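Taken in order, the sequence shown gives residues 23 to 558; the numbers are from this note's numbering. Data first, discussion second: the structure below is written as structure tokens.
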Amino acid sequence: MSKKIINPILSGFYPDPSVCVANGKFYLVNSSFSYFPGLPIFESSDCCEWTQIGNVIDRDSQLNFSGQGVSRGLFAPTIRYNNGKFYCICTQVDRIGNFFVTADKPEGPWSDPIVIEGAEGIDPSLFFDDDGTVWYIGTRPAPEGCKYNGNWEIWIQQIDINTGKLLGDSKGIWRGALKDCVWPEGPHIYKIDGMYYLLHAEGGTGPDHAVCVARCATIDGEWEGKKSNPILTHRHLGKTAGVVYVGHADLFCDNNNRWWMVCLASRPYGEGENRCCNMGRETFLVPVKWEDGWPVASWQTGLVENAYTIEGNVSKREIGDKNAVNFPKEDDFNSENLDMYWLGLRRIDKNYINCTENLGNLRLYGGSDFDGDNVSFIARRQTSFSFKAYAKLCTNFNNDNDSAGLICFQNEKFYYKVQFKLTGKIVRIQLIKCAGENEELLAEDVYTGGTKEVCGILKVVAEKQSIRFEYGNDDKNLTTLAENIDASILSVEKAGGFVGTVIGMFAVSGGDFTKKDFYADFDWFKYEDFSKDWTL
């Protein structure tokens, strides 16, 4: 069976993709906001199969995310390769602003950030011209003052790539393809056959998101937009489309001189007002060809399709076709280091989260709540409409209200958690819902009494927008705690922000977490998608 491009190439919360080509291979990076490690990086040799090889931000010494909400942190990275060195440029909002890091190898180690002083705005990119000059490209509010919300411009300025210093004057070059455009962002510049091209998104990250293109004979001249802009969007398909929010793209050429565009989009599911995008913005790949000096995306249909041949033709996914990325279904925590796909919130403090104190287990000491900076929380992305996740844990409770369990997490104010909790002399199994400011107890059973040490299995089964929570001692014979629970609160449409749902493990101290007098050991965690649907 011949290889195919199977979309999304990165299922789940992998927004703002950027790709570079180096030594015959392809490297892709995504936004990660306030999750740590940050900016996951993937490698491919054929654009069909992708493997995570690291995270650009993987040390506390690189960046500080304390106090930053889950949808703040790192926005819209761009990855580029030039003269044997990799560059990743990004924005850390609310903290250091625009910066870049460098590496000799894409898997790292990556340098500490080089802050670009005076680079206002967000969504930075780098362009290495063939005359040796390097240009910073970004987006910022209209300098004369915004006439309306989203009245921004794309601007350029030369940069000293060794020091990060901007050189000369900045120049606004583009304010979007459409009249009164909002949020021209995610800009990338390329030089192709002697002409400069600017690829960018506009319309915001929601239903009106789109990819547009402009070109110019000189990088700082007068830019001309393609008359048929946008070159890729699904906004004309309306709210019932299977793929929505298409935008934020990057262009690259493969080893056979074929062009491709990586972009983000979302896949809603559910009924009526509960038709939502729980997985957030995912990464897709579409073919591009050139006509009359302009790029044409997904030329056969103009849409993001489920499958393409490696020649760029629309295809159908067959039973034997593999996903572009296949993460492990189970982690038994037998390694001293967590696998690179696991996420912590703001940081992973090994004093509270480690696989070394009880070998073969992930130990989580009770931490702060999810608004704090000492969160004991490890999770992985939801990657399908329907999934099951379960874990075996043993607790060593100490304080009244110590709790540990599984969580379906959208942000600090929107989540479900199924947990063991010590209340007096009783250990209870509870289902907690948070859909705003306060937690709500949805279901509760007594698990045991007279002991502070309990072991058990917790399970989450999501069948589209309906979730079931289970518990017990044997994963073959579990008791249902609650079912038919609305999963749509775990979507960006209900919860806001820019991230997708993650599923994982947590421990929250009922007392002073700095004393480290309560912990939970997780023997294993299993996650499995069982939906084969492309869209719903």
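Every residue gets a Cβ at the ideal spot worked out from N, C-alpha and C, and that includes glycine. The model shown is predicted, which means the values in this text are computed figures rather than measured ones.
- The Cβ-Cβ distance between ASN383 and ASP545 falls below 7 Å.
- In this model, GLN487 and GLU515 are separated by some 13 Å (Cα to Cα).
- SER510 sits in a helix when the DSSP states are folded into three classes.
- Assigned with DSSP and collapsed to three states, ALA517 falls in helix.
- Secondary structure within the region 176–213: not one fully enclosed alpha helix (DSSP H) run of 4 or more consecutive residues is present.
- For MET362, there is no enclosing beta strand (DSSP E), since its DSSP letter is neither H nor E.
- When C-alpha distances from PHE149 are compared across ILE241, ASN45, ASP496, LYS410, the shortest belongs to ILE241.
- Take the alpha-carbon of LYS351 and the one of GLY34: they are about 15 Å apart.
- If you draw a straight line from the Cα of GLU358 to the Cα of THR378, it is about 5 Å long.
- Scanning ASP555, CYS477, ALA413 for the CA closest to the CA of PHE491 turns up ALA413.
- Pairing VAL268 with THR255 gives a Cβ-Cβ distance under 7 Å.
- A Cβ-Cβ distance of about 5 Å is found for the pair ASP551 and PHE409, placing them in contact under the 8 Å criterion.
- When the five nearest sequence neighbours on each side are left out, the beta carbons in the same chain lying within less than 6 Å of the beta carbon of CYS416 are those of CYS477, ASP543, in order along the chain.
- Residue range 398–403 is occupied by the beta strand (DSSP E) that includes ARG403.
- Distance between THR331 and ALA271, taken at the CA atoms: about 20 Å.
- Counting of Cβ neighbours within 10 angstroms places LYS455 among the buried residues, the total reaching 16 or more.
- Under the three-state reduction of DSSP, PHE35 is assigned to coil, being neither helix nor strand.
- By the Cβ rule, the region 23–30 counts as touching the region 318–338, because three or more pairs are nearer than 8 Å.
- Contact annotation, SER83 with ASP134: C-beta distance approximately 7 Å; criterion of less than 8 Å satisfied.
- Exposure of ALA239 is indicated by the presence of fewer than 16 other C-beta atoms within 10 angstroms of its C-beta.
- By the criterion of at least three beta-carbon pairs nearer than 8 Å, the region 312–323 is not in contact with the region 522–533.
- When the beta-carbon positions are compared, TYR57 and LEU365 come within less than 7 Å of each other.
- ARG403 sits away from VAL483, with the two beta carbons spaced by 7 Å or more.
- A residue is called buried when at least 16 other Cβ atoms come within 10 angstroms of its Cβ; PRO62 meets this threshold and is buried.
- Taking a contact to require three or more Cβ pairs closer than 8 Å, the region 88–103 and the region 114–130 qualify as touching.
- Beta-bridge annotation (DSSP): GLU224 is paired with ALA232.
- Secondary structure remark: continuous beta strand (DSSP E) runs of at least 3 residues inside the region 63–114, in chain order: 73–79, 96–104, 107–114.
- DSSP, read as helix, strand or coil, puts GLY294 in helix.
- If one requires a minimum length of 3 residues, the beta strand (DSSP E) runs lying completely within the region 441–501 are 448–457, 461–471, 475–485, 488–494, in chain order.
- When C-alpha distances from ASP371 are compared across GLN432, SER54, ASP80, the shortest belongs to ASP80.
- Using a 10 angstroms sphere on the CB of TYR387, the tally of other CB atoms reaches 16 or more, which defines it as buried.
- A direct Cα-to-Cα measurement between LYS338 and ARG368 gives close to 40 Å.
- Counting every other CB atom within 10 Å of its CB across the protein chains shown gives LYS447 a total below 16, marking it as exposed.
- When DSSP assignments are scanned along the region 262–321, no uninterrupted stretch of alpha helix (DSSP H) that is 4 or more residues long falls wholly within it.
- When the Cα atoms are used, VAL347 and GLU139 turn out to be separated by approximately 37 Å.
- Here SER425 is bridged, per DSSP, to LYS443, VAL530.
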